[in-house]
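Student: What follows is a single structure, and I will ask about it in a moment.
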Amino acid sequence: MSKPLEVVNAVLDAGFEGLGPLCSATGLAEEYLRDPRYANHEARVDSLIHWETGKLFTTGFLSGLGGLLTLPVSLPAGLGVSWAVQARLVGAIARIHGHDVEEDRVRTLTLLAIVGDIGKEVVKQAGIEISQQLGMRALEAVPKHALSSINRAVGFRLVSKASQKGVVNLSKVVPLAGGLVGGAVDALACRAVGATARRLFAPGPGPLVPVSPG
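Just so it is clear: in the sequence shown, position 9 is 9 by full-length UniProt numbering, and no numbers are missing.
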């Protein structure tokens, strides 16, 4: 197995199964599904994104989790944990909409949510023709090996992003503000991932069509 694929599998496993004191993605979703205050799944997802990102990324909570995630490549401290927490959020959103986080399509869409706007480009590179909105139904016709190719491509993107992380390290320039600024930026990024996940797991049109070789 390639290193990029090992990275994304480690991130997904940590996010879906839970990291340290954080419960699993399914457990998190069940908390919101049992709460009678929410009228529908959209309300649950909105609240999930708002409260979980604010609680985890702006309180310094994640700073103590760095040693709990082992990755096959060297990454900046906290980056892998941040991705794992994003994966947990996306997995919870998928579960709220009735999906099994162990399903291959859910794992792939979770990674595409994490990389955001470049997700469609990654899918195209894997040889999948996109003619409609990306989502669970759109991946029905995509074989498992193609999903694995997408996952690997996301892994390459994440590892590449990690190598560029820290070119400008604000915490070194303004030490007292660095942690707060970093947490706020991570919170915004996680909310963006959550918004993407909400679109990806919403009911969509028919399947994507694999590109014929040659």
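Built from N, CA and C at the ideal position, the CB exists for glycine as well.
#1: Thinking C-beta only, is ALA87 closer than 8 Å to THR108?
#2: What do you get for ARG44, buried or exposed, if any count of 16 or more other CB atoms within 10 angstroms of its CB means buried?
#3: For GLU103, name the three-state secondary structure that DSSP assigns.
#4: Taking just the CA atoms, how far does ALA197 sit from ASN40?
#5: Quick check on GLU52: does DSSP put it in helix, strand or coil?
#6: Is it buried or exposed, VAL106, if we count other Cβ atoms within 10 angstroms and call 16 or more buried?
#7: Buried or exposed: where does VAL185 fall if 16 or more other Cβ atoms within 10 Å of its Cβ makes it buried?
#8: Given GLY27, which residues of its chain have a CB within under 8 Å of its CB, disregarding the five upstream and five downstream residues?
#9: Going by beta-carbon coordinates alone, are PHE201 and HIS97 separated by less than 8 Å?
#10: For LEU5 and GLN125, what's the separation of their Cα atoms in angstroms?
#11: When you compare each of LEU112, LEU75, ILE150 to ILE128 by their alpha carbons, which one comes out closest?
#12: Using alpha carbons as the reference points, say which of LEU12, ILE93, ALA25 lies closest to GLU42.
#13: Below 8 Å on the Cβ atoms is my contact criterion, and I expect VAL193 with ALA153 to pass it. Report the Cβ-Cβ distance as a whole number of Å.
#14: Following the continuous alpha helix (DSSP H) through ARG88, name the residue where it begins and the one where it ends.
#15: With C-beta atoms as the reference, is ALA10 less than 8 Å away from VAL101?
#16: Less than 8 Å between the C-beta atoms of ILE49 and LEU22, yes or no?
#17: What's the gap between the Cα of LEU180 and the Cα of ASP46?
#18: GLU30: which of ILE114, ARG95, LEU139 sits nearest, CA to CA?
Tutor: With the structure as the only source:
#1: For the purposes of this step, residue 108 is identified with residue 108 of the sequence shown, where counting begins at 1. For the purposes of this step, residue 87 is identified with residue 87 of the sequence shown, where counting begins at 1. No.
#2: To locate residue 44, count along the sequence shown from 1; it is residue 44. Buried: at least 16 other Cβ atoms inside 10 Å.
#3: Translated into the one-based positions of the sequence shown, residue 103 becomes position 103. DSSP places GLU103 in coil when its eight states are reduced to three.
#4: In the sequence shown, counting from the first residue as 1, residue 40 sits at position 40. In the sequence shown, counting from the first residue as 1, residue 197 sits at position 197. When rounded, the distance between both Cα atoms is 17 Å.
#5: Here residue 52 refers to the residue found at position 52 of the sequence shown. If DSSP states are grouped into helix, strand and coil, GLU52 belongs with the helices.
#6: As a position in the sequence shown, residue 106 is number 106, starting the count at 1. Flag for VAL106 reads buried.
#7: Numbered from 1 along the sequence shown, position 185 holds the residue referred to as residue 185. The residue in question, VAL185, is exposed, as its Cβ has fewer than 16 Cβ neighbours within 10 Å.
#8: Position 27 of the sequence shown holds residue 27. Excluding sequence positions up to five before and after GLY27, its CB lies within less than 8 Å of the CB of GLY18, all in the same chain and listed in chain order.
#9: For the purposes of this step, residue 201 is taken as the residue at position 201 of the sequence shown. For the purposes of this step, residue 97 is taken as the residue at position 97 of the sequence shown. The criterion of a C-beta distance shorter than 8 Å is satisfied by PHE201 and HIS97.
#10: Position 5 of the sequence shown holds residue 5. Position 125 of the sequence shown holds residue 125. In a straight line, the C-alpha of LEU5 is about 16 Å away from that of GLN125.
#11: By one-based count along the sequence shown, residue 128 stands at place 128. Per the C-alpha coordinates, the member of LEU112, LEU75, ILE150 positioned closest to ILE128 is ILE150.
#12: For the purposes of this step, residue 42 is taken as the residue at position 42 of the sequence shown. ILE93 is the residue among LEU12, ILE93, ALA25 whose C-alpha sits nearest the C-alpha of GLU42.
#13: The residue you call residue 193 lines up with position 193 of the sequence shown. The residue you call residue 153 lines up with position 153 of the sequence shown. With a Cβ gap of about 17 Å, VAL193 and ALA153 do not count as contacting.
#14: Locating residue 88 in the sequence shown gives position 88, where the first residue counts as 1. ARG88: member of the alpha helix (DSSP H) spanning 79-96, first to last residue.
#15: Locating residue 10 in the sequence shown gives position 10, counting from the first residue. Locating residue 101 in the sequence shown gives position 101, counting from the first residue. No. Outside cutoff.
#16: On the sequence shown, residue 49 is found 49 positions in, with the first residue counted as 1. On the sequence shown, residue 22 is found 22 positions in, with the first residue counted as 1. Taking 8 Å as the cut-off, the beta carbon of ILE49 is found no closer than this to the beta carbon of LEU22.
#17: One-based indexing of the sequence shown puts residue 180 at position 180. One-based indexing of the sequence shown puts residue 46 at position 46. Any reading at LEU180 must be qualified, since the residue scores a pLDDT of 43, below 50, and its modelled position is unreliable; no value is offered.
#18: Taking the first residue of the sequence shown as 1, we reach residue 30 at position 30. Looking at the Cα atoms, ARG95 is the closest of the given residues.
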